[in-house]
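**Q** In the working numbering, the protein residues as written are 169 to 405.
Glycine included, C-beta positions come from ideal geometry on N, C-alpha and C.
Sending over a structure as structure tokens; questions will come in a sec.
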Amino acid sequence: MKSDVVFSIIFKKYKKNELIVASKLYKEEFSLVLSEATFYKIIERLKNKGKIIRVSKGIYVIPKESEFGIIPITEEDIIDDYIADEKGMVIGYGLYNKLKLTTQIPFYFEIYSSIITENCKLIQNVTIKYADLEFTKEIKAMVECLEVLENFSFIQDLNYLQFIKYTENFINNYNDIILDKVLKKIKYKKSTLSFLNNILNYYNIKNNITDYLSSFSNYKHYKMGEIHEIARGYYKV
169 MKSDVVFSII FKKYKKNELI VASKLYKEEF SLVLSEATFY KIIERLKNKG
219 KIIRVSKGIY VIPKESEFGI IPITEEDIID DYIADEKGMV IGYGLYNKLK
269 LTTQIPFYFE IYSSIITENC KLIQNVTIKY ADLEFTKEIK AMVECLEVLE
319 NFSFIQDLNY LQFIKYTENF INNYNDIILD KVLKKIKYKK STLSFLNNIL
369 NYYNIKNNIT DYLSSFSNYK HYKMGEIHEI ARGYYKV
């Protein structure tokens with residue numbers, strides 16, 4: 169099979185600037201007609217000819233071009249490929265900014281995705297972490313909360329008043345079953361779970377989070393009463 173034939177198949181399968189995972193492409197289209205070694209030699213030839221561009225180890229795109237030259241793949245392109253259709257979600261400062269917990273703009277992005285084959289992968293300035301979850305609305309909401317609480321002390325320029333508003337909205341849909349589903353796939357610190365337990369208890373929301381905690385441990389984290397005091401001091405509420 170010639171390089172041009174392989175490229176023709178690739179061109180029909182992928183849009184320009186859509187991520188092409190070479191190992192996945194080989195299994196889906198070429199494993200019955202080409203040896204793996206031959207396939208990767210063809211991929212290398214296509215790269216050298218400029219038909220495809222390497223964006224990370226084993227990942228390529230068909231370049232999108234304008235009258236001014238090649239249009240580089242963006243973070244949004246990469247993120248969309250890995251989180252669309254409940255395959256993943258944004259975490260880190262992209263998440264904190266979306267929730268209006270900080271005005272800090274991310275210089276790099278972090279996401280969870282269920283479709284990578286490694287535990288962690290870096291594509292340009294997007295870090296992709298594996299999580300074997302179907303990222304439904306309910307799962308996303310729970311992961312968002314756990315990510316915020318896990319990193320609460322490290323979020324720069326944290327808006328405490330907005331955090332209070334966020335928690336008051338989150339607790340309305342809290343569900344122990346959803347929490348259990350998440351914890352089976354993503355590991356969080358016990359102090360993070362204790363923090364969530366403290367928030368739910370503050371608002372008198374029944375929960376079973378103590379099942380994950382030790383009654384002999386004194387977990388260190390902010391208390392919701394303290395956060396209200398901080399918010400009153402900052403914003404005079």
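#1: Pick helix, strand or coil for E197, following the three-state DSSP scheme.
#2: What residues match up with S224 in a beta bridge as DSSP calls it?
#3: Keeping to the same chain, check which residues put their C-beta closer than 7 Å to that of A399; ignore five residues upstream and five downstream.
#4: Between the C-alpha atoms of K219 and S171, what's the straight-line distance to the nearest angstrom?
#5: Beta carbon of Q324, beta carbon of Q272: below 8 Å?
#6: Can you give the Cα-Cα distance for L193 and T378, rounded to whole angstroms?
#7: For G237, report the span of its alpha helix (DSSP H) as first-last.
#8: Return the Cβ separation of F303 and G256 in integer angstroms, given the expectation that the two are a contact with Cβ distance under 8 Å.
#9: For F207, which residues in the same chain have their Cβ closer than 6 Å to its Cβ, ignoring the five residues on either side in sequence?
#10: Could you tell me the distance, in whole angstroms, from the CA atom of E196 to the CA atom of F175?
#11: What residue range does the alpha helix (DSSP H) around L347 cover?
#12: Report the partner residues of F322 according to the DSSP bridge assignment.
#13: Using the C-alpha atoms, what's the distance from F322 back to E312?
#14: With a threshold of 8 Å on Cβ separation, who are the neighbours of I227 within its own chain once the five nearest residues in sequence on each side are excluded?
#15: Taking all protein chains shown into account, do 16 or more other C-beta atoms lie within 10 angstroms of the C-beta of I239, making it buried, or fewer, making it exposed?
#16: Please report the distance separating the alpha-carbon of L267 from that of K180.
#17: Can you find the residues in the same chain that come closer than 6 Å, C-beta to C-beta, to N158, ignoring five residues on each side of it along the sequence?
#18: Identify, in the order they occur along the chain, each residue of the same chain with its Cβ nearer than 6 Å to the Cβ of K297, setting aside the five sequence neighbours on each side.
#19: Does the separation of the CB atoms of K355 and Y387 fall below 8 Å?
#20: Span of the beta strand (DSSP E) holding T206?
#21: Could you check the C-alpha separation between V173 and K305 for me, to the nearest Å?
#22: Given a cut-off of 8 Å, decide if I395 and L368 are closer than it, judged by their beta-carbon atoms.
#23: Using DSSP's beta-bridge definition, name the partner residues of K297.
#24: State buried or exposed for F277, treating a residue as buried only when at least 16 other CB atoms are found within 10 Å of its CB.
#25: Which one or two residues does DSSP pair with V258 in a beta bridge?
**A** If we stick to the structure as given:
#1: In the sequence shown, residue 197 corresponds to position 29, counting from 1. Reduced to three states, the DSSP call for E197 is helix.
#2: Counting from 1 along the sequence shown, the entry for residue 224 is found at position 56. Bridge partners of S224: I227.
#3: Start at 1 with the first residue of the sequence shown, and residue 399 comes out as number 231. Y328, L329, I332 and V405.
#4: Taking the sequence shown and counting its residues from 1, one reaches residue 219 at position 51. Taking the sequence shown and counting its residues from 1, one reaches residue 171 at position 3. Whole-angstrom Cα-Cα distance: 10 Å.
#5: As a working note, residue 324 is residue 156 in the sequence shown. As a working note, residue 272 is residue 104 in the sequence shown. Closer than 8 Å, so yes.
#6: Numbered from 1 along the sequence shown, position 25 holds the residue referred to as residue 193. Numbered from 1 along the sequence shown, position 210 holds the residue referred to as residue 378. Looking at the two C-alpha atoms, the distance is approximately 46 Å.
#7: As a working mapping, residue 237 is identified with position 69 in the sequence shown. Not the alpha helix (DSSP H): G237 falls in the beta strand (DSSP E), residues G237 to I239.
#8: For the purposes of this step, residue 303 is taken as the residue at position 135 of the sequence shown. For the purposes of this step, residue 256 is taken as the residue at position 88 of the sequence shown. Between G256 and F303 the Cβ distance is about 6 Å, and since that is below 8 Å, they are a contact.
#9: Mapped onto the sequence shown, residue 207 falls at position 39. If we look at F207 and ignore the five residues flanking it on each side, its Cβ neighbours are Y194 and F198.
#10: Here the question's residue 196 lines up with position 28 in the sequence shown. Here the question's residue 175 lines up with position 7 in the sequence shown. If you take the alpha carbons of E196 and F175, they lie about 14 Å apart.
#11: Taking the first residue of the sequence shown as 1, we reach residue 347 at position 179. Element bounds for L347: D344 to L351.
#12: Sequence index remark: in the sequence shown, residue 322 carries index 154 (1-based). According to DSSP, which records beta bridges pairwise, F322 is partnered with nothing at all.
#13: For the purposes of this step, residue 312 is identified with residue 144 of the sequence shown, where counting begins at 1. For the purposes of this step, residue 322 is identified with residue 154 of the sequence shown, where counting begins at 1. So the two alpha carbons sit approximately 15 Å from each other.
#14: Indexing the sequence shown from 1 puts residue 227 at position 59. Same-chain partners within the cutoff: L187, I188, V189, A190 and I291.
#15: On the sequence shown, residue 239 is found 71 positions in, with the first residue counted as 1. The residue is exposed, with fewer than 16 neighbouring Cβ atoms inside 10 Å.
#16: Here residue 267 refers to the residue found at position 99 when the sequence shown is read from its first residue. Here residue 180 refers to the residue found at position 12 when the sequence shown is read from its first residue. Between L267 and K180, the C-alpha separation is close to 38 Å.
#17: Outside the shown range of the chain (169 to 405) lies residue 158, about which nothing can therefore be said.
#18: Position 129 of the sequence shown, counting from 1, holds the residue named residue 297. Closer than 6 Å at the Cβ level, and outside the excluded window around K297, lie Y280 and C288.
#19: For the purposes of this step, residue 355 is taken as the residue at position 187 of the sequence shown. For the purposes of this step, residue 387 is taken as the residue at position 219 of the sequence shown. No; because the gap between Cβ atoms is not below 8 Å, this pair is not in contact.
#20: In the sequence shown, residue 206 corresponds to position 38, counting from 1. Run containing T206: none in the beta strand (DSSP E); it sits in the alpha helix (DSSP H), E204 to N216.
#21: What you label residue 173 is simply residue 5 of the sequence shown in a count that begins at 1. What you label residue 305 is simply residue 137 of the sequence shown in a count that begins at 1. Near 41 Å, if we compare the C-alpha coordinates of K305 and V173.
#22: On the sequence shown, position 200 is the one that residue 368 refers to. On the sequence shown, position 227 is the one that residue 395 refers to. It is not a contact, given that the beta carbons lie outside the stated cut-off.
#23: For this step, residue 297 is matched to residue 129 along the sequence shown. According to DSSP, which records beta bridges pairwise, K297 is partnered with Y280 and C288.
#24: The sequence position of residue 277 within the sequence shown is 109, counting from 1. Counting Cβ neighbours within 10 Å, F277 comes out buried, since at least 16 surround it.
#25: Within the sequence shown, residue 258 is the residue found at index 90, counting from 1. According to DSSP, V258 bridges with I279.
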